[in-house]
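Right, one structure below, let's go through it.
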Amino acid sequence: MRTGKTTTSSALAEATQLHHINVGDLVKAKNLHDGWDDELDCYIINEDLVCDELEDTMEEGGNIVDYHGCDFFPERWFDLVVVLQTDNTVLYDRLTRRGYSESKLSNNIECEIFQTLLEEAKESYPEDIVLPLKSDSIQDISTNLSTLAEWSTEERGIMKVIAKQSVPPQPTVSPSEEGKIETADSQSHQAKKYAEKKTPQLALNLLYHPHQSHSNPSISSNAQTLTLALAMPKGFGFQPQGMRAYSLLSLNDLRGKVPRKQKTRKGRGIGSGKGKTAGRGHKGQKARGSGKLGFEGGQTPLRRRLPKRGFKNPFSLTFQVDIFSRYMFGIINHPVGLGKIAKLINAGKIDSSELITMKTLKDTGAIGKQIKDGVRLMGRGAEQIQWPIHFEVSRVTMRAKEAVEAAGGSVRRVYYNKLGFRALLKPEWFEKKGRLLPKAARPPPKQKDKVDSIGRLPAPTKPIPFFTEEEVASSSST
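For the sequence shown, UniProt numbering begins at 1 and goes up steadily by one.
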């Protein structure tokens, strides 16, 4: 026994003849989880699926639901939250007998020393409906059970139970906090007094949360809090209207962490007090807007006083990069290596028996989707090329070309202008517009010695063989 949550849940269900729902069993039976957490030794509960499963049942009332934690269900479901607390020394002995690991044990104790779950209950629900009860012994549990059973018999309220495991020892409490800690008798009297204010004809709900992962690890993996929460069933007392009656989250339930000052709307009529001149007064420099950026009152601005520095080459070319270098290192002008292409071939993404063009590299993810001036092939990982491969790229290094030709392949440098690149990479764009593919453009004079041929459109699948001077001469003579 730890806080007596299971005992209280079962006994209360038997005494009140209500339907007992164990969320832990429900999660296992209907697979309302996202897997198993080995570190916390528990299921990772899917909160949305659990809420959807219990929505209709909670609206009907008359249920006892066991769960751990108090920020799980919407506030509109409950009217009272009772937190069961256990002394740290008692809690330590109970968890030790349960075989908890040292780290899990210390997390539980720290969670209770700092009143983590009690504070979370006050943040999740209005503070005036959060009621802590002591649960150190069987006598305390019996007192709490009799109070809740009498309450449910007289008022028939819907209750939620969330288990919390401990309270700090009484001697360590500061004088300013002494009023927050009450004895079991006074707390039971307070709960009974609170019940007398409730509207009769309510149904009882008890909730117990087993271990699960929350946003706060110290809460999800440690504490065992038992909370009783009252929720109005349909047909009694206040009921949410409109969309709030069908939603687990409402705009009026959202509360900011920090108070915000309301923004003043100016120039929206004299009745607001900030219309007409909008608080700027009449005329003058302060009634006007700001000047132009960089204007210094007529003197030569700084941007004109400083000399121009640097040089930008208008003829420079930017070749495409591989995706890893672009997004991991922010490198813009980074070429593609043979090693990366070899990995894609081994993975089956590139067919080495066909011609590898720049469209092939783009479609397989070897490079990014935006190609500005072409693709440069580098020799990084050249030792991985052991079979003949044929390329058509914009530029190639000597090492890469020698490695490819040594394996029996070929590399041809081809030229495409901007329109040619669009036709090569996205030929469907022209078909969608009802246009024909353009003819390949010739390279400018300054790039003729840097390319081997004009690019072909549409994207070719077979390479053009290179002819030696003797073959060209023999063909011309015949």
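We treat Cβ as the ideally placed atom computed from N, Cα and C, and that holds for glycine.
Could you give the DSSP three-state label for residue i: helix, strand or coil?
i	result
Leu26	helix
Glu428	helix
Val167	With a pLDDT of 40 at Val167, under the threshold of 50, the predicted position of this residue should be treated as unreliable, though the coordinate-derived value follows. In this structure, Val167 counts as strand in the three-state DSSP scheme.
Glu392	strand
Leu437	coil
Ile454	strand
Ser352	coil
Pro445	helix
Val414	strand
Leu302	helix
Val65	strand
Gln139	helix
Arg376	strand
Under the assumption that residue i contacts residue j (Cβ atoms under 8 Å), give the Cβ distance between them as a whole number of angstroms.
i	j	result
Ile389	Gly409	4 Å
Arg413	Ser394	7 Å
Leu425	Ile371	6 Å
Glu47	Phe78	Between Phe78 and Glu47 the Cβ distance is about 16 Å, and since that is not below 8 Å, they are no contact.
Gly420	Pro445	In fact, because the Cβ distance is near 17 Å, the residues do not count as touching under 8 Å.
Quick one: what's got a C-beta closer than 7 Å to residue i's C-beta in the same chain, skipping five residues either side?
i	result
Arg422	Trp429
Ile141	Gly4, Thr7, Thr8, Ser135
Lys462	Leu355
His282	none
For residue i and residue j, what's the separation of their Cα atoms in angstroms?
i	j	result
Phe238	Ala15	The pLDDT assigned to Phe238 is 42, lower than 50, so where the model puts this residue is not dependable; a value taken from the coordinates is nonetheless given after this. About 27 Å.
Glu39	Thr89	25 Å
Leu145	His20	15 Å
Ile129	Leu118	12 Å
Ala382	Lys448	27 Å
Glu120	Asp52	23 Å
Gly289	Arg304	24 Å
Tyr415	Met398	18 Å
Asp452	Lys418	18 Å
Asn22	Pro427	60 Å
Gln17	Ser106	38 Å
Gly348	Val65	53 Å
Ser124	Leu80	12 Å
Asp286	Arg280	According to the sequence provided, residue 286 is Lys. The question's Asp does not apply to it. Roughly 7 Å between the two C-alpha positions.
Ala149	Leu133	15 Å
Glu402	Gln384	13 Å
Val404	Val411	7 Å
Asp93	Val83	20 Å
Asp25	Gly61	20 Å
Leu293	Gln299	14 Å
Of all Cβ atoms in chain C, is any one closer than 7 Å to the Cβ of residue i?
i	result
Arg303	Looking for chain C here will not work: only one protein chain is present.
Considering only residues of the same chain and omitting the five flanking positions on each side of residue i, which have a CB-CB separation below 8 Å?
i	result
Glu35	Per the sequence shown, residue 35 should be read as Gly rather than Glu. These residues qualify, in order along the chain: Tyr43, Ile44.
residue 481	As shown, the chain starts at 1 and ends at 478. That puts residue 481 outside it, with no answer to give.
Enumerate in chain order the residues of its own chain whose CB-to-CB distance from residue i is below 6 Å, with the five nearest sequence positions on each side excluded.
i	result
Gly337	Met378, Arg380, Gly381
Thr357	Glu392, Ala459
Can at least three beta-carbon pairs, one atom from the region 361 to 381 and one from the region 336 to 352, be found at a separation below 8 Å? By the criterion of at least three beta-carbon pairs nearer than 8 Å, the region 361 to 381 is in contact with the region 336 to 352.
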